[in-house]
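Taking it in order: structure first as structure tokens, then the write-up.
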Amino acid sequence: MYEQPPGGPQYPQQPPPGQPPPPQKRKAWPWVLLGCGGAALLVIILGVACTVSLFAGGSGGEPADDAGEAESVGMGEPGTVGQWEVTVNGIETAATYGDEFSQETAQGEYAIVDLTVENTGSEATTFDSSAISLVDSEGNTHSSSGSLTADSLFLEQINPGNEVSGTAAVDVPEGTEITEVEVTDTLSTEGPLVVQVD
77 MYEQPPGGPQ YPQQPPPGQP PPPQKRKAWP WVLLGCGGAA LLVIILGVAC
127 TVSLFAGGSG GEPADDAGEA ESVGMGEPGT VGQWEVTVNG IETAATYGDE
177 FSQETAQGEY AIVDLTVENT GSEATTFDSS AISLVDSEGN THSSSGSLTA
227 DSLFLEQINP GNEVSGTAAV DVPEGTEITE VEVTDTLSTE GPLVVQVD
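When we follow the numbering used here, the leftmost residue of the sequence shown carries the number 77, and every step to the right adds one.
Next up, the structure:
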């Protein structure tokens, strides 16, 4: 037999006459999900916009510069990279590099690059022999080594319109056949100047 709970049957409490009913609790999770989804969509849109802007060459709708294109010249011909005009005059090999006070001995042999550098820009700039690298007939790239010898172009500051001549030494295996000299300006977006070795 059914028994009523103490105090009689239980009914939902009704507000006293003249008072509005209490507000119903809303579920918050749909709004949280919508907020997270909106934030993720905004991040995706911004990422796509930045990527398009980079490939379009920046703001203003201007076409992108020909970044990465390399100029190629022959030995003895001037070529430009950044604000440098560089002429590779020749390459010699030697077992040592430097003068009597700061002579260095190669692991293999030194390929000594003789070059002339002119600052064609409007501000003083520093040319360093580390800008020079050599490519051999097998496609290997050899970096130059910094040297404080009198003839070395090591951290040489050049004022606008001035030019300097000097050398950069690259330690390569004996008998290496050099096919290209590459000159890189780290302050420029251009590709390296490529000098074809005869």
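Every residue, glycine too, gets a C-beta built ideally from N, C-alpha and C.
For residue i, which residues does DSSP report across the bridge?
| i | result |
| --- | --- |
| PRO154 | THR163 |
| LEU210 | HIS218 and VAL257 |
| LEU269 | VAL259 |
| GLN33 | The question about residue 33 has no answer here: the residues shown for the chain are numbered 77 through 274. |
| SER148 | VAL270 |
| ASP247 | TYR186 |
Indicate whether residue i and residue j have their beta-carbon atoms separated by less than 7 Å.
| i | j | result |
| --- | --- | --- |
| VAL257 | LEU210 | yes |
| ALA187 | ALA171 | no |
| HIS218 | VAL248 | yes |
| GLU239 | THR192 | yes |
| LEU231 | GLY242 | no |
| GLN233 | THR260 | no |
Quick one: Cα of residue i to Cα of residue j, how far?
| i | j | result |
| --- | --- | --- |
| SER220 | ALA245 | 6 Å |
| ALA204 | SER148 | For the record, residue 204 in the displayed sequence is Asp; it is not Ala. Computed Cα separation, rounded: 20 Å. |
| PRO154 | ASN165 | 9 Å |
| ALA132 | SER198 | A caution first: ALA132 carries a pLDDT of 47, below 50, which makes its placement in the model too unreliable to give a value. |
| GLY150 | ALA200 | 27 Å |
| ASN235 | TYR173 | 27 Å |
| ILE167 | GLY251 | 13 Å |
| ASN195 | GLU214 | 33 Å |
| ILE120 | GLN179 | 58 Å |
Report the residue from the options whose alpha carbon sits nearest the alpha carbon of residue i.
| i | options | result |
| --- | --- | --- |
| ASP175 | ASN165, ASP227 and GLU168 | ASP227 |
| THR262 | ALA207, ILE234, LEU229 and PHE230 | ALA207 |
| PRO268 | GLY152, THR156, MET151 and SER213 | THR156 |
| VAL271 | ASP212, THR172 and ILE234 | ASP212 |
| THR169 | GLU185, GLY158, GLN179 and SER178 | GLU185 |
| GLN159 | GLU214, GLU266 and ILE120 | GLU266 |
Using 6 Å as the cut-off, classify the Cβ of residue i as near or not near the heavy atoms of the ligand PLP, replying yes or no.
| i | result |
| --- | --- |
| GLU176 | Of ligands this structure carries none, so the ligand PLP is not represented either. |
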